[in-house]
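These notes are about the structure you will find just below.
In the working numbering, the protein residues as written are 234 to 519.
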């Protein structure tokens with residue numbers, strides 16, 4: 234069984250400055266929960282109980298969010314707000330650790346920091362910027378492929394060709410509902426992209442990846458790119474790609490973040506009716 238999840242959260246969040254100057258972008262709320270909580274909940278649904286956050290400076294709010302809050306808990310108990318008490322205590326049985334990435338040298342370097350934590354086990358990597366519809370368990374399907382093939386699995390989504398330069402892009406052969414990857418390129422220009430299949434922020438990796446990350450030279454942007462390490466790993470093992478089902482929300486940039494909030498608000502039974510009425514009123518005045 235896959236028991237461990239690695240969540241890289243050391244990024245600077247420059248797309249959301251100045252809001253992220255002293256507060257992690259992973260703590261930006263989608264309604265009443267921060268982005269990072271959705272990522273943890275997704276992993277918990279597939280039975281993962283051990284988490285490693287790869288953090289950086291100004292990320293203490295993430296640690297505080299998953300820690301006990303005794304004064305708040307006592308106030309909620311005194312007020313009889315046991316539903317809220319349950320919500321803030323829902324992670325107290327998880328095993329959570331934190332390792333600081335000394336400098337932002339890329340996703341590959343962040344994953345390399347996890348080596349002492351995962352040891353010789355396969356593990357999940359979740360990028361919280363990519364918020365996937367909670368009604369669809371992408372990780373569940375990826376784990377099924379891993380359990381059958383015992384090889385790395387990456388999540389894929391077809392994107393418009395003009396957007397391929399924002400992603401790691403793969404090509405491969407589709408067999409039995411998944412892809413056997415034969416090439417990976419980090420953020421290619423559209424004219425040089427091998428396909429429009431983008432790597433989405435869900436990975437199942439094996440410990441083999443560490444020796445390639447350890448020896449990898451900086452790639453695009455002067456960073457250690459996980460995509461580059463996976464490309465070299467292809468010489469040693471098969472890598473499988475799973476086309477995600479359900480909607481992915483790109484909450485890592487401003488427009489995508491706003492779209493995510495709107496869509497989640499429309500599905501929230503507590504506020505959806507009033508929110509739809511508000512939108513209708515606003516649109517009628519345009």
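Beta carbons are placed, not taken as given, at the ideal position from N, Cα and C, and that holds for glycine.
query: Residue 342, DSSP secondary structure in three states; result: helix
query: Exposed unless 16 or more other CB atoms sit within 10 angstroms - verdict on residue 347; result: buried
query: Option in 401, 453, 257 with minimal Cα separation from residue 426; result: 401
query: Integer Cβ distance of residue 410 from residue 474, believed to fall under 8 angstroms; result: Not quite, the Cβ-Cβ distance comes to about 11 angstroms (not below 8 angstroms), so this is no contact.
query: Which listed residue (254, 240, 236, 258) has its alpha carbon closest to that of residue 486; result: 258
query: Contacting residues, own chain, Cβ-Cβ under 7 angstroms from residue 278 (five flanking each side not counted); result: 370
query: Rounded distance between the beta-carbons of residue 482 and residue 364, thought under 8 angstroms; result: 4 angstroms
query: Distance, residue 332 Cα to residue 242 Cα; result: 10 angstroms
query: Minimum C-alpha distance to residue 239 - residue among 430, 451, 276, 511; result: 276
query: Proximity to residue 385 [Cα-Cα], best of 306, 417, 439; result: 439
query: Where residue 271 sits in the DSSP three-state scheme; result: helix
query: Paired residues, beta bridge with residue 473 - DSSP; result: 386, 413
query: CB-CB length for residue 263 against residue 484, believed under 8 angstroms; result: 7 angstroms
query: Where residue 331 falls: helix, strand or coil (DSSP); result: strand
query: Own chain partners of residue 428 with C-beta closer than 7 angstroms, once the 5 adjacent residues on each side are dropped; result: 402, 403, 404
query: Same chain, Cβ closer than 6 angstroms to residue 443, neighbours up to 5 away in sequence not counted; result: 348
query: Inter-residue Cα distance where the pair is residue 353 and residue 446; result: 15 angstroms
query: Residue 437 to residue 288 span [Cα, whole Å]; result: 20 angstroms
query: Which listed residue (311, 418, 504, 234) has its alpha carbon closest to that of residue 463; result: 418
query: Exposure of residue 514, with buried meaning 16 or more beta-carbon neighbours within 10 Å; result: exposed
query: With 16 other Cβ atoms within 10 Å as the buried cut-off, status of residue 393; result: exposed
query: Endpoints, the beta strand (DSSP E) within which residue 436 is located; result: 430-438
query: 8 angstroms CB neighbourhood of residue 366 in its chain, flanking five on each side removed; result: 479, 480, 481, 482
query: Residue 466 at chain D interface by Cβ criterion, 8 angstroms; result: Among the chains in the structure shown there is no chain D, since it carries only a single protein chain.
query: Anticipated Cβ contact below 8 angstroms, residue 341 with residue 441, distance rounded; result: About 14 angstroms separates the two Cβ atoms, so there is no contact after all.
query: Enclosing beta strand (DSSP E) for residue 404 [first to last residue]; result: 401-408
query: Strand pairing of residue 288, partner residues [DSSP]; result: 333
query: Exposure label - residue 355; buried when at least 16 CB within 10 Å; result: buried
query: Beta-carbon gap between residue 504 and residue 477 smaller than 8 angstroms; result: no
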